[in-house]
Amino acid sequence: MFGEILHRVRERKPHIHCITNYVTANDCANILLASGGSPIMADCPEESAEITALCDGLLLNTGTLNPDKLSAMRKSGRIANELHHPVVLDPVGAGASRFRTESIRLLLNEIRIDVIRGNLSEIKALFCHETKSHGVDAVSSDRITEENLPEMRNLIKAIASEQNTVFAVTGQIDVIADKHQAYCIRNGCSMMKSVTGSGCQLSALTAAFITANPERIPESAAAAVCMMGVSGEIAQEHLAPYEGNASFRNRIIDAVYRMDAETLDRKADYQIFR
Amino acid sequence: MFGEILHRVRERKPHIHCITNYVTANDCANILLASGGSPIMADCPEESAEITALCDGLLLNTGTLNPDKLSAMRKSGRIANELHHPVVLDPVGAGASRFRTESIRLLLNEIRIDVIRGNLSEIKALFCHETKSHGVDAVSSDRITEENLPEMRNLIKAIASEQNTVFAVTGQIDVIADKHQAYCIRNGCSMMKSVTGSGCQLSALTAAFITANPERIPESAAAAVCMMGVSGEIAQEHLAPYEGNASFRNRIIDAVYRMDAETLDRKADYQIFR
Amino acid sequence: MFGEILHRVRERKPHIHCITNYVTANDCANILLASGGSPIMADCPEESAEITALCDGLLLNTGTLNPDKLSAMRKSGRIANELHHPVVLDPVGAGASRFRTESIRLLLNEIRIDVIRGNLSEIKALFCHETKSHGVDAVSSDRITEENLPEMRNLIKAIASEQNTVFAVTGQIDVIADKHQAYCIRNGCSMMKSVTGSGCQLSALTAAFITANPERIPESAAAAVCMMGVSGEIAQEHLAPYEGNASFRNRIIDAVYRMDAETLDRKADYQIFR
Numbered sequence: 001m002f003g004e005i006l007h008r009v010r011e012r013k014p015h016i017h018c019i020t021n022y023v024t025a026n027d028c029a030n031i032l033l034a035s036g037g038s039p040i041m042a043d044c045p046e047e048s049a050e051i052t053a054l055c056d057g058l059l060l061n062t063g064t065l066n067p068d069k070l071s072a073m074r075k076s077g078r079i080a081n082e083l084h085h086p087v088v089l090d091p092v093g094a095g096a097s098r099f100r101t102e103s104i105r106l107l108l109n110e111i112r113i114d115v116i117r118g119n120l121s122e123i124k125a126l127f128c129h130e131t132k133s134h135g136v137d138a139v140s141s142d143r144i145t146e147e148n149l150p151e152m153r154n155l156i157k158a159i160a161s162e163q164n165t166v167f168a169v170t171g172q173i174d175v176i177a178d179k180h181q182a183y184c185i186r187n188g189c190s191m192m193k194s195v196t197g198s199g200c201q202l203s204a205l206t207a208a209f210i211t212a213n214p215e216r217i218p219e220s221a222a223a224a225v226c227m228m229g230v231s232g233e234i235a236q237e238h239l240a241p242y243e244g245n246a247s248f249r250n251r252i253i254d255a256v257y258r259m260d261a262e263t264l265d266r267k268a269d270y271q272i273f274r
Numbered sequence: 275m276f277g278e279i280l281h282r283v284r285e286r287k288p289h290i291h292c293i294t295n296y297v298t299a300n301d302c303a304n305i306l307l308a309s310g311g312s313p314i315m316a317d318c319p320e321e322s323a324e325i326t327a328l329c330d331g332l333l334l335n336t337g338t339l340n341p342d343k344l345s346a347m348r349k350s351g352r353i354a355n356e357l358h359h360p361v362v363l364d365p366v367g368a369g370a371s372r373f374r375t376e377s378i379r380l381l382l383n384e385i386r387i388d389v390i391r392g393n394l395s396e397i398k399a400l401f402c403h404e405t406k407s408h409g410v411d412a413v414s415s416d417r418i419t420e421e422n423l424p425e426m427r428n429l430i431k432a433i434a435s436e437q438n439t440v441f442a443v444t445g446q447i448d449v450i451a452d453k454h455q456a457y458c459i460r461n462g463c464s465m466m467k468s469v470t471g472s473g474c475q476l477s478a479l480t481a482a483f484i485t486a487n488p489e490r491i492p493e494s495a496a497a498a499v500c501m502m503g504v505s506g507e508i509a510q511e512h513l514a515p516y517e518g519n520a521s522f523r524n525r526i527i528d529a530v531y532r533m534d535a536e537t538l539d540r541k542a543d544y545q546i547f548r
Numbered sequence: 549m550f551g552e553i554l555h556r557v558r559e560r561k562p563h564i565h566c567i568t569n570y571v572t573a574n575d576c577a578n579i580l581l582a583s584g585g586s587p588i589m590a591d592c593p594e595e596s597a598e599i600t601a602l603c604d605g606l607l608l609n610t611g612t613l614n615p616d617k618l619s620a621m622r623k624s625g626r627i628a629n630e631l632h633h634p635v636v637l638d639p640v641g642a643g644a645s646r647f648r649t650e651s652i653r654l655l656l657n658e659i660r661i662d663v664i665r666g667n668l669s670e671i672k673a674l675f676c677h678e679t680k681s682h683g684v685d686a687v688s689s690d691r692i693t694e695e696n697l698p699e700m701r702n703l704i705k706a707i708a709s710e711q712n713t714v715f716a717v718t719g720q721i722d723v724i725a726d727k728h729q730a731y732c733i734r735n736g737c738s739m740m741k742s743v744t745g746s747g748c749q750l751s752a753l754t755a756a757f758i759t760a761n762p763e764r765i766p767e768s769a770a771a772a773v774c775m776m777g778v779s780g781e782i783a784q785e786h787l788a789p790y791e792g793n794a795s796f797r798n799r800i801i802d803a804v805y806r807m808d809a810e811t812l813d814r815k816a817d818y819q820i821f822r
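Chains as they are written, first to last, in the working numbering: chain V, 1 to 274; chain C, 275 to 548; chain D, 549 to 822.
Right, here's the structure in full:
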């Protein structure tokens with residue numbers, strides 16, 4: 001199933017308008033190209049809405065945010081919603097500063113987001129003081145582990161239901177959920193934490209996947225997460241003993257470039273809970 | 275001949291002031307170093323003119339443009355013209371937004387540009403409604419192919435003549451033309467489209483090449499285009515079966531670093547039309 | 549001894565707030581991760597102080613400086629000083645423009661800096677008209693060589709004493725000095741000059757090293773410089789004949805990732821002058 005979703009990305013070659021941070025923009029562009037999509041980076045409010053209108057999908061990543069970038073995101077988000085372009089939000093740094101957190105809340109209030117892709121800390125910073133009744137206070141750690149997985153799965157599903165969108169919360173185990181179902185994915189490897197922006201890259205990939213498959217957004221978000229994890233596994237297999245995180249970064253993107261539907265389906269390791 | 279031009283770059287080590295986008299700035303800097311040139315990146319209007327004056331040539335790349343960057347470009351362009359420093363313009367995204375297109379027109383009006391390096395869509399967006407009499411309306415596609423090459427060659431030569439500058443229009447076949455002659459170059463490989471900023475990198479290389487060889491600008495622009503294509507071919511030869519666009523990106527820059535005059539001349543595949 | 553310092557970085561995993569340029573930000577982030585540290589990039593004045601407070605150390609790199617970034621640096625510097633977080637300044641481009649030089653002087657006046665990491669030209673642009681009495685006028689070149697090493701060592705020690713901080717001046721031979729002592733380091737290789745931002749990366753590494761070892765700052769700065777040089781040597785050993793500066797860049801970061809204390813101590817090539 002995930003292979004079919006990838007196949008569609010390659011076929012439709014979605015153009016993704018990325019408003020993203022300067023630290024990982026190059027990797028995000030290259031991973032989009034590797035997947036079969038096409039990146040257009042533009043982040044000034046003077047043109048962002050027009051650029052969005054030219055593209056098929058929108059990625060909002062709040063790394064290295066500033067007021068101008070925020071203004072561009074708001075304009076692009078509005079147009080994307082009007083044109084029914086899929087929108088992915090990567091709330092990088094939510095909780096790290098008032099400006100960052102409030103800006104992200106503003107985006108969440110103004111723009112209909114199709115997938116929110118982040119780590120558990122970011123998701124909790126944004127949504128958990130409002131969801132205490134769902135047992136958030138009981139969450140002792142910001143990691144998803146085998147032990148707390150049932151609890152985390154329910155929490156993320158509850159937030160997704162409340163926010164009426166899809167969440168892709170990634171970590172050692174990844175949970176992708178909407179109100180109906182949750183995918184738990186066990187692909188990937190721990191070395192991916194040593195690559196700056198592996199999360200940003202995944203968010204870009206997610207944008208390409210859901211834009212090419214708008215009729216099945218939760219599955220496509222799960223497919224993107226799985227694709228990133230499988231690419232990490234393949235990248236690690238090809239790593240020479242003296243190679244480290246910089247070569248690994250390249251090999252992940254390389255693996256995305258070389259991935260075929262059959263390999264993705266064969267290596268995908270996930271369960272669906274309804 | 276191209277080998278001699280490369281030799282001069284290595285000898286003169288031109289310092290290139292790059293006002294460019296943040297997506298591909300790192301690759302542009304590394305390809306400049308690989309060629310024998312030296313990059314200085316600075317894009318704030320408070321200092322751009324002074325930085326330009328310290329350098330030997332100027333690159334203006336309009337990716338991720340914003341009003342501050344535009345203001346820096348205008349100041350730097352003026353000084354570069356006063357000091358007779360060669361100037362390359364890469365009109366990234368021309369036609370994609372009013373802000374982008376109008377900003378580029380402003381630069382074209384205010385600054386004498388030595389080489390304009392872009393793809394056919396960008397060049398047409400900027401110059402073709404004014405050149406309808408040259409048969410632009412007949413152009414059905416934005417790609418240069420074997421079939422439309424004679425027509426495209428004449429079109430680009432006509433625009434170059436009208437604008438009184440050198441155009442380097444790159445695609446499957448590259449056409450570099452001024453009013454007197456056109457180079458048609460068939461180096462490169464299709465995988466280069468999968469590397470973000472391969473065009474930006476070529477523009478940076480072009481700036482180094484013409485700055486080190488200011489007395490023969492069209493030939494030097496053609497040499498840079500050829501060098502990029504040959505580097506792509508060499509990069510592909512060294513690619514392992516599991517490697518993709520990220521490793522390929524590195525190997526292109528590596529090939530520029532290792533290129534010698536003899537290899538460049540041997541692998542160069544071009545014709546000159548006068 | 550340097551191995552022990554590295555060991556502490558791996559153990560303490562310092563979070564470094566980097567306010568840095570967009571050209572090399574990705575490499576700085578990846579080298580920090582490779583060393584065991586963790587980068588947080590944020591450069592807007594609306595949030596920079598809060599981000600600094602969340603981290604353990606601060607890196608100020610003045611590449612692609614602009615007024616907003618400067619304002620963020622001033623706010624972050626003030627908080628870092630209040631919280632006794634170590635601060636590294638990389639005065640990229642000092643002397644290249646009035647804006648750059650004056651902005652750096654402002655930072656030096658307002659913020660207590662623990663280590664200033666730059667090349668000899670930058671250090672001279674900032675400090676040498678005030679230190680003429682130390683023989684600066686006699687310095688004919690901006691390179692540290694075997695011939696002028698004793699003179700340079702004394703000069704840098706004198707400036708360090710006057711400014712009451714640690715200087716890490718890097719080049720063919722590196723000199724790290726405070727008022728009491730000077731380390732002269734001979735690791736590294738000439739190809740490192742062909743990698744954009746190798747200096748920026750070293751400054752990031754230095755921030756991680758001194759933040760994890762705040763009780764021995766000069767030694768830790770020297771260890772970072774040595775680590776970078778040894779990583780360059782190891783990177784060169786693994787370079788295929790067709791590989792150039794782009795692959796070399798990755799292999800340096802890879803070598804940092806794989807470095808162990810024993811290898812660092814074994815390959816370290818330095819002398820201490822008191």
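Yeah, the Cβ is synthetic: ideal placement off N, Cα and C, and Gly gets one too. All values derive from a computational prediction rather than experimental measurement.
- Residue ranges of uninterrupted beta strand (DSSP E) with 3 or more members, entirely inside the stretch 714-797 of chain D and ordered along the chain, are 714-717, 722-725, 730-733.
- When DSSP states are grouped into helix, strand and coil, His281 of chain C belongs to the helix group.
- Going by beta carbons, Glu396 of chain C and Pro365 of chain C fall inside the 9 angstroms limit.
- For Tyr22 of chain V, the chain C residues whose Cβ falls inside 7 angstroms of its Cβ are Tyr296, in order along the chain.
- The three-state secondary structure of Pro698 of chain D, taken from DSSP, is helix.
- About 6 angstroms separates the Cβ atoms of Phe273 of chain V and Arg153 of chain V, confirming a contact at the 8 angstroms cut-off.
- With fewer than 16 neighbouring CB atoms inside 10 Å of its own CB, Leu631 of chain D falls in the exposed class.
- For Leu155 of chain V, none of the residues of chain C pass the 8 angstroms Cβ criterion, the least Cβ distance being about 35 angstroms.
- Taken through DSSP and simplified to helix, strand or coil, Met347 of chain C comes out as helix.
- Between the alpha carbons of Leu205 of chain V and Leu155 of chain V lies a gap of roughly 25 angstroms.
- Under the Cβ distance rule, Tyr257 of chain V does not count among the residues neighbouring chain D, no pair being separated by less than 9 angstroms.
- Counting of Cβ neighbours within 10 angstroms places His180 of chain V among the exposed residues, the total staying below 16.
- Among the CB atoms of chain C, one or more fall inside 9 angstroms of the CB of Pro789 of chain D.
- Within the stretch 588-606 of chain D, Met589, Ala590, Asp591, Cys592, Glu594, Glu595, Glu598, Ile599, Leu602 place their CB atoms closer than 7 angstroms to a CB of chain V, listed in sequence order.
- Here the alpha carbon of Ile579 of chain D sits roughly 47 angstroms from the alpha carbon of Cys402 of chain C.
- Across the stretch 356-376 of chain C, no CB contact with chain D closer than 7 angstroms is found for any residue.
- Judged by DSSP secondary structure, Asp539 of chain C falls within the alpha helix (DSSP H) whose first and last residues are 535-541.
- Ala235 of chain V is positioned such that its CB atom lies closer than 9 angstroms to that of Arg251 of chain V.
- Pairing Val361 of chain C with Ala368 of chain C gives a Cβ-Cβ distance that is not under 9 angstroms.
- Contact between Ala168 of chain V and Ala221 of chain V holds: their C-beta atoms lie close to 5 angstroms from each other, under 8 angstroms.
- For Thr470 of chain C, the neighbours in chain V by C-beta distance under 7 angstroms run, in chain order, Asn26, Ala29, Asn30, Leu33, Pro39.
- In this structure, DSSP gives Asn109 of chain V a helical state, which the three-state scheme calls helix.
- A direct Cα-to-Cα measurement between Asn735 of chain D and Asp591 of chain D gives close to 33 angstroms.
- Ala725 of chain D places its beta carbon less than 9 angstroms from that of Pro766 of chain D.
- In this structure, the beta-carbon distance from Ile51 of chain V to Ser371 of chain C falls below 9 angstroms.
- In this structure, Thr211 of chain V lies near Asp56 of chain V, with their beta-carbon atoms less than 9 angstroms apart.
- Here Glu321 of chain C is buried: its Cβ has 16 or more other Cβ atoms, across all protein chains shown, within 10 Å.
- Interface annotation, Asp808 of chain D: not in contact with chain V, CB-CB separation never under 9 angstroms.
- Sequence-distant Cβ neighbours of Asn761 of chain D in its own chain, meaning closer than 6 angstroms and more than five residues away, are Ile553, Arg556, Ser768.
- Taking the Cα positions, Ala498 of chain C is about 15 angstroms away from Ala456 of chain C.
- The beta-bridge partner set that DSSP reports for Ile546 of chain C consists of C:Tyr457.
- Under a 10 Å Cβ-count criterion, Ser190 of chain V is classified as exposed, with fewer than 16 other Cβ atoms of the shown protein chains found around its own Cβ.
- Ile314 of chain C: member of the beta strand (DSSP E) spanning 312-315, first to last residue.
- Neighbours of His786 of chain D in chain V, taken as residues at a C-beta separation under 7 angstroms, are given in chain order as Tyr242.
- With distances taken between CA atoms, Ser377 of chain C lies nearest to C:Leu334 out of C:Arg391, C:Leu334, C:Asp388, C:Asp448.
- Cα atoms of Gly63 of chain V and Tyr22 of chain V: separation of roughly 8 angstroms, rounded to the nearest angstrom.
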